[in-house]
């Protein structure tokens, strides 16, 4: 959390998080942005991609140690503009729920 300078006790203090009704400290939502960046820039479409926009809806909290499955679908492809729109779903396999959904627009440089 030092990287984000977000010292909210929900992320840093287990006792506080439990007092607020959670089982543990919450993983920072910005972590999902990192996973999105890795997926788009390294996996699909890959190193010639550049993210234009990211829209994430957080559905359920996730915690350190939870196993998250990222699924993606191409929703739109505009070849003339070299743009794709992806939908992403983050399924928490540990808790058995959907932690977040996202819509990504990316340009394909080559």
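Numbering (our numbering), first residue to last: 7 to 116.
Even for Gly, the Cβ is constructed at its ideal location relative to N, Cα and C.
Just so we're clear, the structure is a prediction, and the values are computed from it rather than from any experiment.
Check                                                                                                                                                    : Outcome
Give a yes or no on whether the C-beta atoms belonging to residue 106 and residue 62 are separated by under 7 Å.                                         : yes
Does the separation of the CB atoms of residue 99 and residue 73 fall below 7 Å?                                                                         : yes
In chain order, what residues of the same chain lie with their CB nearer than 8 Å to the CB of residue 103, ignoring the 5 residues before and after it? : 65, 66 and 97
Per DSSP, which one or two residues make a beta bridge with residue 79?                                                                                  : 93
How is residue 32 classed by DSSP in three states: helix, strand or coil?                                                                                : strand
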